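A.B. asks: Numbering-wise, the sequence shown is residues 1 to 189 according to the UniProt record's numbering. We treat Cβ as the ideally placed atom computed from N, Cα and C, and that holds for glycine. These figures come from a predicted structure and were not determined experimentally.
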Amino acid sequence: MKDSLFQECVEQAELALSEKEVAIGCVFYNTQTNEIIARGRNSVNASKNATRHAEMNCIDDTLRWCHDNQLEPDDLWPQLDVYVTCEPCIMCARILRNLKFNCVYYGCSNERFGGCRSVLNVANDDKIIKEKKLEFVYGIRERETINLLKTFYSAENLNAPDGLRKVKKPRLDLGTKTTITTTTEANNT
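(1) Could you tell me which residues DSSP pairs with Glu111 in its beta bridges?
(2) Which residues in the same chain have their Cβ closer than 8 Å to the Cβ of Asn121, if we skip the five residues on either side of it in sequence?
(3) Relative to the C-alpha of Ala38, which residue among Gly25, Ala46, Lys48, Val44 is closest?
(4) Buried or exposed, going by whether 16 or more other CB atoms sit within 10 Å of the CB of Leu63?
(5) Is DSSP giving Arg97 helix, strand or coil here?
(6) Cys108 and Cys86 look like a contact to me (Cβ under 8 Å); what is the Cβ gap, rounded to whole Å?
(7) Return helix, strand or coil for Thr31, following the three-state DSSP convention.
(8) Identify whether Ala54 lies in helix, strand or coil by the three-state DSSP scheme.
(9) For Leu80, does the three-state DSSP call read helix, strand or coil?
(10) For Val10 and Ala16, which I take to be in contact (beta-carbon distance under 8 Å), what is that distance rounded to the nearest angstrom?
(11) Ignore the nearest five residues each way along the sequence and tell me which others in Arg52's own chain have a CB closer than 6 Å to its CB.
(12) Please classify Thr31: is it buried, with 16 or more other beta-carbons within 10 angstroms of its beta-carbon, or exposed?
(13) Counting C-beta neighbours from all protein chains within 10 Å, is the total for Gly139 16 or more, i.e. buried, or is it exposed?
(14) Taking 8 Å as the cut-off, decide whether the C-beta atoms of Tyr29 and Asp81 are in contact.
(15) Does Ala38 come out as helix, strand or coil in the three-state DSSP assignment?
(16) Applying the 10 Å Cβ sphere with the 16-neighbour rule, what's the burial state of Leu71?
(17) Within 10 angstroms of the Cβ of Tyr106, are there 16 or more other Cβ atoms? Answer buried if so, exposed if not.
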């Protein structure tokens, strides 16, 4: 595991955060040539497409890279390590396993949608999938990656659907006479 590669992921996550996206960044690294093939970050809000996760954007960039370099993607996938700030969701973990990626290194766990160990272990479950298991290493710079996600979720996501958006409402704390911002569900207001 190379910390400089994980730093690239963190930088992608910070870019996502600056673009009002969930703060997840990803890098695909070729273990044979020692080069970064793709960098990506979540773009779900900008694209209005729930599948535009950092890993999916890196897959698309890798396909373009293969086309430009006249290489077959199926020959490249097993040479690639994935570095990502958060545990891949079930969808992304399944795709990474299906494509036979070498190893996934990730920061914090994904307690809601994790596909490597937190919710469903599609990375290694041979009862579900008979293909090569996906190796993964977790807990890299975990506190830092959690804090990136907390920063995103502490703000109002204006791109969330109306029924799910958390709206910040100021209220006065009578004890200190200061204004406190609270979060309520949009459909409860």
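C.D. replies: On the basis of the data shown:
(1) BP columns for Glu111 are empty, so no partner.
(2) Gly115
(3) Gly25
(4) exposed
(5) helix
(6) 5 Å
(7) coil
(8) helix
(9) strand
(10) Incorrect: roughly 11 Å between the Cβ atoms, too far for contact.
(11) Ser43, Val44
(12) exposed
(13) exposed
(14) yes
(15) strand
(16) exposed
(17) buried
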